[in-house]
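Below is one structure, written out as structure tokens, with a few remarks after it.
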Amino acid sequence: MALKVGVDLVSVAAVADSVRVHAERYLRRVYTSRELCDCVTSSGAPDVRRLAARFAAKEAILKVLREGDEAIPWHEIGVRSDRFGRPSVELAGGAAALARRRGIDALDVSLTHEGQFAAAVAVAQMREAA
Amino acid sequence: MNDDPRPMIRSVLAERAGLPVDVDTLSDDADLFAAGMTSHASVNLMLALEDAFNLEFPDQMLTRGVFASISAIAAAIAELSATDAALPQDGGSR
Numbered sequence: 001m002a003l004k005v006g007v008d009l010v011s012v013a014a015v016a017d018s019v020r021v022h023a024e025r026y027l028r029r030v031y032t033s034r035e036l037c038d039c040v041t042s043s044g045a046p047d048v049r050r051l052a053a054r055f056a057a058k059e060a061i062l063k064v065l066r067e068g069d070e071a072i073p074w075h076e077i078g079v080r081s082d083r084f085g086r087p088s089v090e091l092a093g094g095a096a097a098l099a100r101r102r103g104i105d106a107l108d109v110s111l112t113h114e115g116q117f118a119a120a121v122a123v124a125q126m127r128e129a130a
Numbered sequence: 001m002n003d004d005p006r007p008m009i010r011s012v013l014a015e016r017a018g019l020p021v022d023v024d025t026l027s028d029d030a031d032l033f034a035a036g037m038t039s040h041a042s043v044n045l046m047l048a049l050e051d052a053f054n055l056e057f058p059d060q061m062l063t064r065g066v067f068a069s070i071s072a073i074a075a076a077i078a079e080l081s082a083t084d085a086a087l088p089q090d091g092g093s094r
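Protein sequences, first through last, are from chains A and B.
Quick note: the first sequence uses this note's numbering, first residue 1, plus one each step.
Quick note: the second sequence uses this note's numbering, first residue 1, plus one each step.
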């Protein structure tokens, strides 16, 4: 068994700016429908701190998934939270295929945000190459 | 597309890539990520390029390499423009 770790840090202000400038195009190109439902404020607006944490998670997961420069759309990597707020990873399409090809048996992620930054760490458990 | 896309790419980079350096100091082949462009800024860059050039980057082009330099972006735009030009258009040629 081998472990691979990825980490990423994202500016909350940068995500807020993208939501302001590109609005729905940005949200739909980057986040899953589930993430967009999970990341709303009490007034129904996009919760940019939680979105920033999810973007950090996507990039952290990309760092453990990619062997080279494979094309992986951000929306093929999703993070969902259970009722206790614990995150789990959902992969689709090319991201899921790449995880299978790389022998990734388990993939976990941890997210945080504080002030103007959000961060995530991803850990993958991989089968050793024969 | 016959027009050189690089001046427009530089303009979009200056506005939307959040680079900590002056775009004019970068060569066409300079690594934009090494120059300070974040992964998140590359999303903004992609969306702003789509607006500027009236195209859409398909999923299979969403690699770091496509957005890694002005030359790489120009090559991707040329490829997308050629593909678009080759598609049949409603109402004949344009």
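Each residue gets a CB set at the ideal place from its N, CA and C atoms; glycine is no exception.
Inset, instruction - Measure the CB-CB distance between Ala-13/A and Gln-125/A and report whether it falls below 9 Å. - result: Your numbering for residue 13/A matches position 13 in the first sequence. Your numbering for residue 125/A matches position 125 in the first sequence. Their beta carbons are not under 9 Å apart, which means Ala-13/A does not touch Gln-125/A by this criterion.
Legend entry - Euclidean distance between Cα positions of Asp-8/A and Leu-55/B: Within the first sequence, the letter at position 8 stands for residue 8/A. Within the second sequence, the letter at position 55 stands for residue 55/B. Each residue's alpha carbon lies about 29 Å from the other.
Legend entry - Against chain B: residues of the stretch 26-51 of chain A by CB proximity under 9 Å: Tyr-26, Arg-29, Val-30
Inset, instruction - Spell out the partners DSSP gives Asp-108/A in its beta bridges. - result: The residue given as residue 108/A occupies position 108 in the first sequence. Partner(s): Val-123/A.
Legend entry - 6 Å CB neighbourhood of Phe-53/B in its chain, flanking five on each side removed: In the second sequence, the residue the question calls residue 53/B occupies position 53. Once the five neighbours on either side are set aside, the close Cβ partners of Phe-53/B are Ile-77.
Inset, instruction - Work out the CA separation of Arg-20/A and Glu-15/B for me, nearest whole Å. - result: On the second sequence, residue 15/B is found 15 positions in, with the first residue counted as 1. On the first sequence, residue 20/A is found 20 positions in, with the first residue counted as 1. Roughly 15 Å between the two C-alpha positions.
Inset, instruction - For the beta strand (DSSP E) containing Glu-90/A, list its first residue and its last residue. - result: Translated into the one-based positions of the first sequence, residue 90/A becomes position 90. 87-91 is the extent of the beta strand (DSSP E) around Glu-90/A.
Legend entry - Contacts that Asn-44/B makes with chain A (C-beta to C-beta distance below 9 Å): The residue you call residue 44/B lines up with position 44 of the second sequence. Simply Ala-14, Asp-17, Ser-18, Val-21, His-22, Tyr-26.
Legend entry - Per DSSP, the bridge partner or partners of Val-20/A: Position 20 of the first sequence, counted from the first residue, corresponds to residue 20/A. The question names Val, yet the displayed sequence has Arg at residue 20/A. Answer by DSSP bridge pairing: none, since Arg-20/A is not bridged.
Inset, instruction - Please work out which residues of its chain come closer than 8 Å, Cβ to Cβ, to Val-121/A, disregarding the five sequence neighbours upstream and downstream, and give them in chain order. - result: Here residue 121/A corresponds to residue number 121 of the first sequence, with the count starting at 1. Hits under 8 Å: Val-5, Gly-6, Val-7, Ala-60, Val-109, Ser-110.
Inset, instruction - Please report the Cβ distance between Asp-139/A and Arg-10/B, rounded to the nearest whole angstrom; I am assuming they are in contact, meaning their Cβ atoms lie under 8 Å. - result: With chain A covering 1 to 130 only, the question about residue 139/A has no answer from this structure.
Legend entry - Residue-level contact to chain B via CB, Ala-71/A, 9 Å cutoff: Position 71 of the first sequence, counting from 1, holds the residue named residue 71/A. Yes, Ala-71/A lies at the interface with chain B (some Cβ there is under 9 Å from its Cβ).
Legend entry - Cys-39/A, buried or exposed, once every other Cβ within 10 Å from all chains shown has been counted against 16: Along the first sequence, one-based indexing puts residue 39/A at 39. When all chains shown are included, Cys-39/A counts as buried.
Inset, instruction - Write down the C-beta distance between Leu-13/B and Leu-45/B rounded to the nearest angstrom, noting that I regard them as a contact closer than 8 Å. - result: Within the second sequence, residue 13/B is the residue found at index 13, counting from 1. Within the second sequence, residue 45/B is the residue found at index 45, counting from 1. Leu-13/B to Leu-45/B, Cβ: 7 Å. Contact.
Inset, instruction - Check each candidate in Arg-127/A, Ala-119/A, Val-123/A and name the one with the smallest Cα separation from Phe-55/A. - result: Along the first sequence, read from residue 1 onward, the residue named residue 55/A stands at position 55. Comparing Cα positions, the closest option is Ala-119/A.
Inset, instruction - Name the two residues that bound the continuous beta strand (DSSP E) containing Arg-16/B. - result: Counted from its first residue, the second sequence places residue 16/B at position 16. It is not in any beta strand (DSSP E) - Arg-16/B instead sits in the alpha helix (DSSP H) that spans 6-16.
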